[in-house]
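K.L.:
One structure, pasted below without further comment.
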């Protein structure tokens, strides 16, 4: 089992897609690479903590490679949008790959370097804090919510069409 850390805007949107990818075995929404210990969602939304909303992805390398996960990541968000994904604006919504070893670093740099005008941060993972319980499995637990119907569902449908 391996682990990847991606920030691609709202972690609810990313989680909903990666939950449906063969080989993904576990997901945790959280906050990474900021300067406040144990931040809350309200704190990171101020933009003052420096954290990004991140998805921690545990995956089975025999079913999907890290490079394949990177390709999904690039497809499901805009790697050329600085600190914004759709209507979600702020440093916490930045595009980021937080790597845990040299292989992940090199793989991310290769993928990102192939994207014109990419602003995706490629940095070592310094810290990961699990987000509050109500942020976990958000789409699956809240499909009738307007954000889920109007923002997340169209992203799922677009990716899996």
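Residue numbers (this note's numbering): 73 to 233.
For glycine and all other residues, C-beta sits at the position ideal for the given N, C-alpha and C.
By alpha-carbon positions, which one of 147, 125 and 97 ends up nearest to residue 202?
P.N.:
When each option's Cα is compared against that of residue 202, the closest is 125.
K.L.:
Residue 24 to residue 115, Cα distance in whole Å?
P.N.:
No statement about residue 24 is possible, as the shown extent of the chain runs from 73 to 233 and does not include it.
K.L.:
Check the DSSP bridge columns for residue 124 and list the partner residues they point to.
P.N.:
Per DSSP, 104.
K.L.:
Relative to the C-alpha of residue 213, which candidate in 87, 80, 78 and 127 has its C-alpha closest?
P.N.:
The option with the nearest alpha carbon to residue 213 is 87.
K.L.:
Please determine, among 73, 113 and 197, the residue with the shortest C-alpha to C-alpha distance to residue 238.
P.N.:
Residue 238 is absent from the model: the chain starts at 73 and stops at 233.
K.L.:
Closest by CA to residue 154, which one among 148, 145 and 166?
P.N.:
Of 148, 145 and 166, the residue nearest in Cα terms is 166.
K.L.:
Rounded to whole angstroms, how far is the Cβ of residue 146 from the Cβ of residue 90, which I believe are closer than 8 Å?
P.N.:
Not quite, the Cβ-Cβ distance comes to about 13 Å (not below 8 Å), so this is no contact.
K.L.:
Quick one: grab the DSSP three-state call for residue 90.
P.N.:
Correct three-state label for residue 90: helix.
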